[in-house]
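Accompanying notes for the structure given below.
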Amino acid sequence: MTQYDLLIGDPSYSSWSLRGWLGFQAFGIPTNSTITRFYEPGFHQDLLPFAPAKTVPVVRAADQSLWTDSLTIIEELASRHPEAGLLPADPVKRALARSLMAEMHSSFSALRTECPMNTRLAYEDVPISDALAADLARIDKLWAVTEDSSGPWLCGDYSAADAFYAPVAARIAGYSLPVSETSKKYVEAHLTHLPFRQFRALGLTFPAQETYKRDYAIKAWPGPKPLVATATSHTNAVNEACPYSGKAVTDFLEMDGKVYGFCNQRCRDKTVNDPAAWPAFMALVG
Ligand SMILES: N[C@@H](CCC(=O)N[C@@H](CS)C(=O)NCC(=O)O)C(=O)O
């Protein structure tokens, strides 16, 4: 039994949900996640068990505490699971991580409004307003800390600060926004980060919502090109148990001439969308 029930919005569009979801997924903390969709009648119904929350992400913990904001989710997880490494152990880096998260939480309104997250599509030739240019200049300044870091991340190892900036990276990639070479490398690190790819692959299992589409020239998504896999009606799978749940297989995909089974359609489809994003599936492929 998981200790946490997490409700998130559509993974293609819900940037705050990406932050909350990464707090669990990128740090190996199990959760029972449910996805709800905006602009659909079920949204308010799905929120009821989390009352009085009115936005996602939101968590109900086994102790019945309610975490109604992505910053609260990250801070609660960091307090309850210090071993998971959401925040750096080093006090100087931890203060930096917290400062970066707080600034993300309270700033960048031009970027948020003008470039809503949409990981289904990438655009080019997007107009840059003065306010957006100012947000991007500030982001370049903040992300310059990666020049002193041993790896690609903001505070040493991947931390909650990086989870917080994942949707910013998705927007910069998706709208081809002009940033420094250092920032480009940081965006690239997010695009290849497996939990980020998993969230995107999960989003692609839902139908697109037109309201998020913008009228700019479309280009290919700039992340790694997924391996080629297709859903199939063939049932001669190499595995009897689903790589994710261990349950009996009912839905199938074909890759490199072999058939693999899953215990439900969504898990099959998220794997079709980016097979290499899912280590449990790739372990089966060998
Ligand atoms: N500050 C909140 C913002 C949450 C938020 O605005 N979530 C959006 C989805 S990305 C939402 O639930 N919108 C639905 C609504 O406002 O009705 C957080 O960090 O979690």
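Numbering (this note's numbering), first residue to last: 1237 to 1522.
We treat Cβ as the ideally placed atom computed from N, Cα and C, and that holds for glycine.
Could you check where the alpha helix (DSSP H) with Y1401 kicks off and where it finishes?
As a first step, residue 1401 must be located in the sequence shown, where it is residue number 165. Residues 1396–1410.
Return yes when the C-beta of V1292 is under 7 Å from any heavy atom of ligand 1, and no when it is not.
Here residue 1292 refers to the residue found at position 56 when the sequence shown is read from its first residue. At least one heavy atom of ligand 1 is nearer than 7 Å to the Cβ of V1292, so yes.
What's the gap between the Cα of L1307 and the Cα of P1414?
On the sequence shown, position 71 is the one that residue 1307 refers to. On the sequence shown, position 178 is the one that residue 1414 refers to. Looking at the two C-alpha atoms, the distance is approximately 28 Å.
Start-end ranges of the beta strand (DSSP E) lying completely within the segment 1461–1501, minimum 3 residues:
1466–1468, 1487–1491, 1494–1498
Between the alpha carbons of W1303 and A1262, how many angstroms are there, rounded?
Counted from its first residue, the sequence shown places residue 1303 at position 67. Counted from its first residue, the sequence shown places residue 1262 at position 26. Whole-angstrom Cα-Cα distance: 18 Å.
Quick one: any contact between the segment 1386–1396 and the segment 1435–1444, if contact means 3 or more CB pairs under 8 Å?
no
Any 3 or more C-beta pairs closer than 8 Å across the segment 1357–1366 and the segment 1405–1420:
yes
Cβ-heavy atom distance, F1400 to ligand 1, below 7 Å
Position 164 of the sequence shown, counted from the start, is the residue given in the question as residue 1400. Checking every heavy atom of ligand 1 against the Cβ of F1400, none is found closer than 7 Å.
Can you give me the C-alpha to C-alpha distance between T1291 and T1447, rounded to a whole angstrom?
In the sequence shown, the residue the question calls residue 1291 occupies position 55. In the sequence shown, the residue the question calls residue 1447 occupies position 211. Roughly 18 Å separates the two Cα atoms.
Determine the direct distance from the alpha carbon of D1241 to that of A1297, and round the result to whole angstroms.
Start at 1 with the first residue of the sequence shown, and residue 1297 comes out as number 61. Start at 1 with the first residue of the sequence shown, and residue 1241 comes out as number 5. About 6 Å.
Take F1400 as the anchor and find which of S1342, L1372, R1504, A1373 has the nearest alpha-carbon.
In the sequence shown, counting from the first residue as 1, residue 1400 sits at position 164. Answer by Cα proximity: S1342.
Quick one: what's got a C-beta closer than 7 Å to D1398's C-beta in the same chain, skipping five residues either side?
Taking the sequence shown and counting its residues from 1, one reaches residue 1398 at position 162. The answer, listed in chain order, is W1389, L1390.
In the DSSP assignment, the alpha helix (DSSP H) including R1255 goes from what residue to what residue?
If you number the sequence shown from 1, residue 1255 lands on position 19. First-last of the alpha helix (DSSP H) with R1255: 1251–1261.
Could you check where the alpha helix (DSSP H) with D1371 kicks off and where it finishes?
Here residue 1371 is taken as the residue at index 135 of the sequence shown, counted from 1. Here the alpha helix (DSSP H) through D1371 covers 1366–1379.
Whose C-alpha, out of Y1275, P1288, E1311, is nearest the C-alpha of F1260?
Residue mapping note: residue 1260 aligns to position 24 of the sequence shown, counting from 1. Nearest option by C-alpha distance: E1311.
Rounded separation between G1245 and P1352 - CA only:
Counting from one through the sequence shown, the residue named residue 1245 turns up at place 9. Counting from one through the sequence shown, the residue named residue 1352 turns up at place 116. Roughly 14 Å between the two C-alpha positions.
Is it true that the CB of L1313 sits closer than 8 Å to the CB of L1322?
Position 86 of the sequence shown holds residue 1322. Position 77 of the sequence shown holds residue 1313. For L1322 and L1313, yes; Cβs fall inside 8 Å.
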